[in-house]
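Protein chains in written order, with this note's numbering: chain V, 52 to 152; chain P, 409 to 578.
In structure tokens form, the structure reads like this:
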């Protein structure tokens, strides 16, 4: 039994679940952000595994665009965190409650 | 040879899962960041074994290079200690149950379902012969030209947005 596409899909599902646990349990906004990156990477692994298995280039182009969006998200998200820290002296996600009624 | 291939997969997968677990559980954000870099490297190894060397290079340069440097830089800039920042026990249990349920559903789906077998033209031999970068480029600049241009505008917006958000009021 050689390493099949299912192995990669199961690994990707495990990594995605780990990222979900992190997003739901951590309170430090930067760690939450890193967990989101972990989830994005799990999806990238699925795309590339299926792309390689099906002999089609489109999945890898999708990964290319996901990386672009992740880079843009990193720049804007971290700038938001710096601004928030400057105003509130904290980056605990519990303190992100400005819009709460 | 196949045994060796499988052993290699399992070792790298184990390292990836353990470092993913460390990202979630480490108290100190810097340790989380280092573990995340480890996960990125493991994924890059998988991309190489999946005949996508260009993607592996991009993974290391963009994720492990650019994005992680940005994250570590912000952690250092904000000088965050390793304060206990975990939610209550109930919230943690709920999150673990929810994502465990999600993993279970995906595993059932993978076990019962089957991957489509509409095979495309590209295989490992062609990637060897033509070169992965060239194949990506051909696809990117013909079929996906408009999304490529939109991605460039997105990056421009991100640059301007980051500068506007993070600069001090003059």
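Glycine included, C-beta positions come from ideal geometry on N, C-alpha and C.
Residue(s) in a DSSP beta bridge with residue i
i, result
"residue 531 of chain P", "According to DSSP, residue 531 of chain P bridges with nothing at all."
"residue 143 of chain V", "V:79"
Within-8 Å CB hit, residue i to chain V
i, result
"residue 527 of chain P", "yes"
"residue 554 of chain P", "no"
"residue 448 of chain P", "yes"
"residue 545 of chain P", "no"
"residue 498 of chain P", "no"
"residue 451 of chain P", "yes"
"residue 454 of chain P", "yes"
Within-8 Å CB hit, residue i to chain P
i, result
"residue 107 of chain V", "yes"
"residue 61 of chain V", "yes"
"residue 116 of chain V", "yes"
"residue 94 of chain V", "no"
"residue 150 of chain V", "no"
"residue 134 of chain V", "yes"
"residue 97 of chain V", "no"
Best match in the options for proximity to residue i [C-alpha to C-alpha]
i, options, result
"residue 102 of chain V", "P:499, P:440, P:526", "P:526"
"residue 536 of chain P", "P:456, P:480, P:479", "P:456"
"residue 508 of chain P", "V:72, V:57, V:84", "V:72"
"residue 574 of chain P", "V:146, V:145, V:130", "V:130"
"residue 498 of chain P", "V:81, V:53, V:76, V:117", "V:76"
"residue 85 of chain V", "V:133, V:148, V:121", "V:121"
"residue 495 of chain P", "V:116, V:118, V:89, V:83", "V:83"
"residue 109 of chain V", "P:544, P:531, P:571", "P:544"
The stretch 540 to 558 of chain P / the stretch 132 to 149 of chain V touching (three or more Cβ pairs under 8 Å):
no
With 8 Å as the limit, tell me which residues of the stretch 79 to 90 of chain V have their beta carbon closer than that to any beta carbon of chain P; keep them in chain order.
Hits within the stretch, in order: 79, 81, 82, 84, 85, 86, 88, 89.
Should the stretch 445 to 459 of chain P be regarded as contacting the stretch 415 to 428 of chain P, the criterion being three or more beta carbon pairs within less than 8 Å?
Counting Cβ pairs under 8 Å, three or more are found: they touch.
Specify whether the stretch 140 to 152 of chain V and the stretch 87 to 104 of chain V touch according to this definition: at least 3 beta carbon pairs, one from each stretch, less than 8 Å apart.
no
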